[in-house]
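So the mapping is simple: the working numbering equals the position in the sequence shown, first residue as 1, plus 2.
First up is the structure itself, then whatever we jot down about it.
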Amino acid sequence: SNLDAKLRVDMRIEIKRLHATTGTTIVYVTHDQIEAMTLATKIAVMRDGEVQQFGTPAEIYNNPSNLFVADFMGSPAMNLIPATIGTSGNALSVVLQREAREPINLPMANAPAGLSAFQGKPIIFGVRPEALTDPEGAERNASHIATADCHIEVVEPAGSDTFAVTNLGGKGVVARL
3 SNLDAKLRVD MRIEIKRLHA TTGTTIVYVT HDQIEAMTLA TKIAVMRDGE VQQFGTPAEI
63 YNNPSNLFVA DFMGSPAMNL IPATIGTSGN ALSVVLQREA REPINLPMAN APAGLSAFQG
123 KPIIFGVRPE ALTDPEGAER NASHIATADC HIEVVEPAGS DTFAVTNLGG KGVVARL
C-alpha cells in the first residue's frame with residue numbers, strides 16, 4: 003500500500019510471474035480490489051470477519067451474492083438504484099423513477115423465474131457503469147439496448163475512460179463511456 007502506482011503494477015506482475023514459475027498456492031491479503039481481481043484465481047470477499055462471497059474474480063464481479071459485494075467490487079462501483087418491477091407489454095420490466103420526468107421502463111427479455119412475485123414491489127437494480135453508454139456508441143438495432151434521456155450532471159475525463167454522472171431514483175449513477 004505504500005508503493006506508488008507504477009511500482010504497484012510492477013509488483014503485481016512480479017507476483018504473477020512468481021506464482022506461474024513456482025506453481026504453489028499463494029495467499030495474498032489486500033484491501034485493494036484491483037490487486038485482488040488481477041492477481042487471484044479465487045477471491046474471498048470479507049466483511050466484519052465473515053466471508054460474503056468466495057469465487058473467481060469473474061464470478062464475483064458478474065454475479066455478486068449480495069449488495070455489499072456488488073457495491074465493493076468494481077471501480078467505479080456497481081450502480082445500485084432503487085426501482086420497482088413492472089411490465090412492458092407481455093414482459094416484466096425494471097422501472098426507474100426520475101424526478102419530475104417520466105419513469106424509465108427497462109423490459110427484461112429473459113426475466114428470472116419467480117420474479118413476477120415482486121411486481122410493484124421495491125427492489126435494488128444493479129448495473130455496472132460499463133453497461134451504460136452513449137446511444138451513439140451502442141450497437142445499432144441491438145435488441146438488448148434500452149434508451150432513456152438523462153441529464154448529465156458531471157463529466158469526468160480519466161485518460162482512456164470518461165465517466166458521466168446522472169441521477170436516477172434519487173441516486174447518482176455513473177456511466178463509463
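Quick reminder that beta carbons are idealized off the backbone N, C-alpha and C, glycines included.
Let me make sure I understand the geometry here. Which of the options has the alpha-carbon closest to that of residue i?
i: Leu5; options: Leu98, Cys152, Gly161 and Asp34; result: Asp34
i: Ala166; options: Ala160, Arg178 and Lys173; result: Arg178
i: Gly172; options: Arg103, Phe56, Asn112 and Ala148; result: Arg103
i: Met80; options: Ala22, Leu134, Gly161 and Thr43; result: Leu134
i: Gln54; options: Thr43, Phe74 and Ala60; result: Phe74
i: Arg49; options: Pro59, Asn68 and Thr58; result: Asn68
On the criterion of 16 or more Cβ atoms from any shown chain inside 10 Å, does residue i qualify as buried, or is it exposed?
i: Ala72; result: buried
i: Pro131; result: buried
i: Gly161; result: exposed
i: Ile28; result: exposed
i: Gly51; result: exposed
i: Asp176; result: Residue identity differs from the one stated: residue 176 is Val in this sequence, not Asp. Buried, since its Cβ has 16 or more Cβ neighbours within 10 Å.
Going along the chain, which residues of its own chain have a beta-carbon closer than 6 Å to the beta-carbon of residue i, five neighbours each way excluded?
i: Ala150; result: Ile106
i: Pro66; result: Ala72
i: Ala38; result: Thr32 and Ile45
Which residues bound the alpha helix (DSSP H) around residue i?
i: Leu41; result: Gln35 to Leu41
Could you check the C-alpha separation between residue i and residue j for me, to the nearest Å?
i: Glu16; j: Ile125; result: 43 Å
i: Lys123; j: Ala85; result: 8 Å
i: Leu94; j: Ala148; result: 14 Å
i: Leu117; j: Thr24; result: 47 Å
i: Thr168; j: Ala119; result: 30 Å
i: Pro109; j: Lys18; result: 42 Å
i: Gln99; j: Leu170; result: 7 Å
i: Asn92; j: Pro159; result: 40 Å
Ends of the beta strand (DSSP E) at residue i?
i: Met48; result: Ile45 to Arg49
Ignore the nearest five residues each way along the sequence and tell me which others in residue i's own chain have a CB closer than 8 Å to its CB.
i: Arg14; result: Glu37, Thr40 and Leu41
i: Ile87; result: Leu94, Ser95, Val96, Val97, Leu117, Ser118, Phe120, Gln121, Gly122, Lys123 and Ile125
In chain order, what residues of the same chain lie with their CB nearer than 7 Å to the CB of residue i, ignoring the 5 residues before and after it?
i: Ile62; result: Ile45, Val47, Gln55, Val71 and Met75
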